[in-house]
Amino acid sequence: MLWLLVAISSYLILAIVFLLDKYFLIGPIPSPKVYAFYIGILGILILFFIPFVDFYIPEPSQIILSLLVGALFVYCLFLFYKSLRIFEVSRIVPAIGGLVPLFTFGLVYIFSFGKETLSFSDSIAFGLLILGSVLITLEKGKFINRESLQNSAITAFMFALFSVLAKYVYLQQSFWSGFIWIRIGGFLMALGFLLFSSEVKKEIFKSRKMLPKRTGLFLFNQGIGAVATIGQHWAIALAPLVYLSIISALGGIQYAFLLIFSVLISLKFPQFLKEEISRKVLIQKIIAILLIGGGIALLAFK
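Counting in the numbering used here, the sequence shown runs from 5 upward without gaps.
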């Protein structure tokens, strides 16, 4: 179950990335397109790995699929950041976190013509992970409305489609070759944002004046984010096709790590980060973590 350990480690790193995003980077890069642009552009740095890894030129159909998957990833990021900007995080994140695994499960079932299905114990683990993921991000009185649900469903479907198509890339190519081609696709999508979006051009020149003081932090954040991305792709490559929905459902553990980090930092450095959590909310979060832990235990010790 190496894929399970890799996936959990990736979500741990993403929790750190999210903290830096939330408390340092929101101001300098406010536009969803611009943020997706920077992530896509920086992805091209993966080309420096080519001399050291198993990279090759596959069949044209595989190149096209890989590039499309990379472009889809950057587009998914754009949709996600756009959703966070339009709607409240407490409405969007639980919905996307709950829908991505369900869409992934459905797409795997359709693409495999019904051959890939979860066992009984895996289904229970899947349900626990989804419940925990939704519960840990849900806030009282912040229920999703029709508009935000529609937006969440589109974003979740795109993320699910990305995961499934990425798996089919790794079924035909070695991990590093497939990953590099996917990142090239993301780079090309980012260039498309730059060439055809006046908003991106305007925001990039605007944010350049604000970024120098935080360039080091931004690059560090993107660096560890890249490590997490590699881990996520590696987990997708390692896991059997049927477990893709489980990897998506594990997303709730990122918010469990985030909660723990936030509490610890607020206790150690209250002047840096103040995290106020009521007793009722804390109980809710603990129940969510127990549900996620139960799901992981079922997967690890079956």
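Virtual Cβ for every residue (Gly too), placed ideally from N, Cα, C.
Check	Outcome
What's the call for glutamine 154, buried or exposed, on a 16-neighbour Cβ count within 10 Å?	exposed
Would serine 266 and leucine 88 be called neighbours here (beta carbons separated by less than 9 Å)?	no
Are the CB atoms of isoleucine 128 and leucine 302 nearer to each other than 9 Å?	yes
Return yes when the Cβ of glycine 74 is within less than 9 Å of the Cβ of phenylalanine 191, no when it is not.	yes
Could you tell me the distance, in whole angstroms, from the CA atom of leucine 81 to the CA atom of lysine 284?	33 Å
What number of angstroms, rounded off, separates the C-alpha of leucine 29 from the C-alpha of isoleucine 20?	With a pLDDT of 47 at leucine 29, under the threshold of 50, the modelled position of that residue is not reliable, and the figure given next carries that caveat. The alpha-carbon atoms of leucine 29 and isoleucine 20 are separated by roughly 13 Å.
Can you grab the Cα-Cα spacing for the pair leucine 294 / alanine 253, in whole Å?	14 Å
Closest to phenylalanine 166 by C-alpha separation, out of Phe77, Ile17 and Ser13, would be which residue?	Phe77
Would you mind sorting alanine 304 into buried or exposed? The rule is 16 or more other CB atoms within 10 Å of its CB.	exposed
Within the same chain, show all residues whose beta-carbon is closer than 7 Å to that of valine 231, passing over the 5 residues directly before and after it, in chain order.	Ile17
Which two residues bound the contiguous alpha helix (DSSP H) that contains leucine 122?	Element bounds for leucine 122: n/a, residue is neither H nor E.
Indicate the three-state DSSP secondary structure (helix, strand or coil) for isoleucine 33 in the structure shown.	Residue confidence for isoleucine 33 is low, a pLDDT of 48 falling below 50, so the modelled location carries little weight and cannot support an answer.
CA-CA distance, valine 246 and isoleucine 300?	16 Å
If you reduce the DSSP assignment to three classes, tell me which class valine 309 lands in.	Outside the displayed range of the chain (5 to 306) lies residue 309, so it cannot be described from this structure.
Leaving out the 5 sequence neighbours to the left and right, which residues in its chain are closer than 6 Å to leucine 71 when beta-carbon positions are compared?	Gly189
Mapping DSSP to helix, strand and coil, what is glutamate 143?	coil
Just to confirm, is the Cβ distance from glycine 110 to valine 138 under 9 Å?	no
Near leucine 169, what residues of its chain come up, given a Cβ to Cβ distance below 8 Å and the 5 sequence neighbours on each side ignored?	Leu69, Leu72, Val73 and Leu76
Any contact between the segment 115-127 and the segment 58-69? By contact I mean 3 or more CB pairs, one from each, below 8 Å.	no
Taking only the alpha-carbon atoms, compute the straight-line gap between alanine 164 and proline 105 and give it to the nearest angstrom.	7 Å
To the nearest angstrom, how far is the alpha carbon of serine 116 from that of tyrosine 174?	15 Å
To the nearest whole angstrom, what separates the beta carbons of isoleucine 240 and glycine 136, a pair I think is in contact under 8 Å?	So it is not a contact: roughly 21 Å between Cβ atoms.
Roughly how many whole angstroms lie between the Cα atoms of glycine 182 and valine 57?	11 Å
Could you check if asparagine 149 is buried or exposed, using at least 16 other CB atoms within 10 Å of its CB as the buried criterion?	exposed
Give the range of the alpha helix (DSSP H) segment to which serine 288 is assigned.	The question names serine, yet the displayed sequence has glutamine at residue 288. Unbroken alpha helix (DSSP H) run through glutamine 288: 283-304.
In its own chain, which residues sit with a C-beta less than 6 Å from the C-beta of isoleucine 50, not counting the 5 before and 5 after it?	Ile184 and Arg187
Buried or exposed for serine 282, please, with buried defined as at least 16 other CB atoms from any protein chain shown within 10 angstroms of its CB.	exposed
How should proline 55 be labelled, buried or exposed, when 16 other C-beta atoms within 10 angstroms of its C-beta is the threshold for buried?	exposed
Below 8 Å CB to CB, which residues in the same chain sit around leucine 9 once its five sequence neighbours on both sides are set aside?	none
From this set, Ala11, Ala99, Trp180 and Thr108, which residue's C-alpha is nearest serine 156's C-alpha?	Ala99
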